[in-house]
Amino acid sequence: MADLDAIVEQLSQLTVLEVSELTKKLEARWGVTAAAPVAVAGVAGVPVAGEAAPAPKEEAKTTFDVILKEVGPNKIAVIKEVRAAVSGLGLAEAKALVESAPKPIKQGVTKEEAEAIRKKIEAVGAKVEIQ
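Numbering (the working numbering), first residue to last: 73 to 203.
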């Protein structure tokens, strides 16, 4: 064991140039090649055998869809709230939209706007989902 400690001590005192030369001599003598540290650790972003693949980063969602799931007992009030939420929607269109639930009410809105629409429509008894 003392011999190994002495070898470790001698190797620790070598310069980088001397370590490189020693590596070349050992490769030639033993008929092997030294593997690059990158090959052991793998390429950045590519999992090495036995390692779990990194989970994909989820992007923060910036636009949401408001979906009317169920009308509930107060259909007339729901129709009024849907008309208020969707500009340019006539009474007949709002009625058709409400009667065909589940159906998207408004798409591509901010989270705040989607929450406001959801609260208003749920206040009159309907069930709304934000996706």
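All C-beta atoms, glycine included, are put in the ideal place defined by N, C-alpha and C.
Notebook entry, point to check: For L161, which three-state DSSP category applies?
Noted result: Here L161 sits in coil by DSSP.
Checklist line | Nearest-angstrom beta carbon gap, V170 and L140 [assumed within contact, 8 Å] | finding: Cβ atoms of L140 and V170 come within 8 Å of each other, at about 7 Å.
Notebook entry, point to check: Which whole-angstrom value describes the C-beta separation of V198 and V143, a residue pair presumed to lie in contact below a C-beta threshold of 8 Å?
Noted result: Residue 198 is actually Ala in this sequence, not Val. A198 to V143, Cβ: 5 Å. Contact.
Check: Taking Cβ positions, are V196 and E153 nearer each other than 7 Å?
Finding: V196 is a Cβ neighbour of E153, given a cutoff of 7 Å.
Next item on the list: Take K167 and list the residues in its own chain whose beta-carbon comes closer than 6 Å to its own, dropping the five residues that flank it on each side.
Entry: These residues qualify, in order along the chain: I151.
Notebook entry, point to check: Looking only at its own chain, which residues have a Cβ that is under 8 Å from the Cβ of A157, when we skip the five neighbours before and after it?
Noted result: Result list for A157: V138, I177, K178, I189, K192 and I193, in chain order.
Checklist line | Rounded separation between S172 and A132 - CA only | finding: Distance between the alpha carbons of S172 and A132 is about 31 Å.
Checklist line | Opening and closing residue of the beta strand (DSSP E) in which L89 lies | finding: Counting along the chain, L89 falls outside any beta strand (DSSP E), though it belongs to the alpha helix (DSSP H) covering V88 to W102.
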